[in-house]
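Residue numbers 8 to 109, in the working numbering, belong to the letters of the sequence shown in order.
Cβ atoms here follow ideal geometry from the backbone N, Cα and C, with glycine treated the same way.
To keep things clear, I will list the structure first and then write my remarks on it.
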Amino acid sequence: MSFDPSALDAYQRAAARVSELLGTAATQTTTAAGVDLSGLGVLGREFAAVWTQAAGAHASTLSTAGNLVSAYQDILTRFGDDVTGVDTDVAAGLRAVENEVA
8 MSFDPSALDA YQRAAARVSE LLGTAATQTT TAAGVDLSGL GVLGREFAAV WTQAAGAHAS
68 TLSTAGNLVS AYQDILTRFG DDVTGVDTDV AAGLRAVENE VA
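This is the structure in structure tokens:
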């Protein structure tokens with residue numbers, strides 16, 4: 008398995024941006040769900056109820072997706088830290104062996 012720090016960085020930046028966009032979309036959808044539809048009258052009452060329920064569910068889905076992407080970003084960060092730590096430890100060990108041999 009190979010480790011590409013620049014690719015990991017690109018994934019982390021993309022995940023952060025996607026999470027941010029999903030959070031913004033969830034907030035805006037929640038705002039849309041709360042729009043006052045009382046002026047639609049008797050004929051629009053059912054639409055208003057369905058709209059509010061559907062938009063609320065959509066906002067919840069967007070929020071969940073944002074949380075999942077954020078968790079993925081955290082996993083990538085920990086993975087990168089672990090791999091970098093292993094590489095650093097191995098390099099230090101190799102230097103120590105090299106110094107002993109020399």
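- By the Cβ neighbour-count rule, T36 is buried, with 16 or more other Cβ atoms within 10 Å of its own.
- By the Cβ neighbour-count rule, A22 is buried, with 16 or more other Cβ atoms within 10 Å of its own.
- Annotated three-state conformation of A78 is helix, per DSSP.
- In this structure, the alpha-carbon of Y18 lies about 10 Å from that of Y79.
- S26 places its beta carbon less than 8 Å from that of S77.
- Between the C-alpha atoms of L44 and A64 there is a straight-line separation of about 18 Å.
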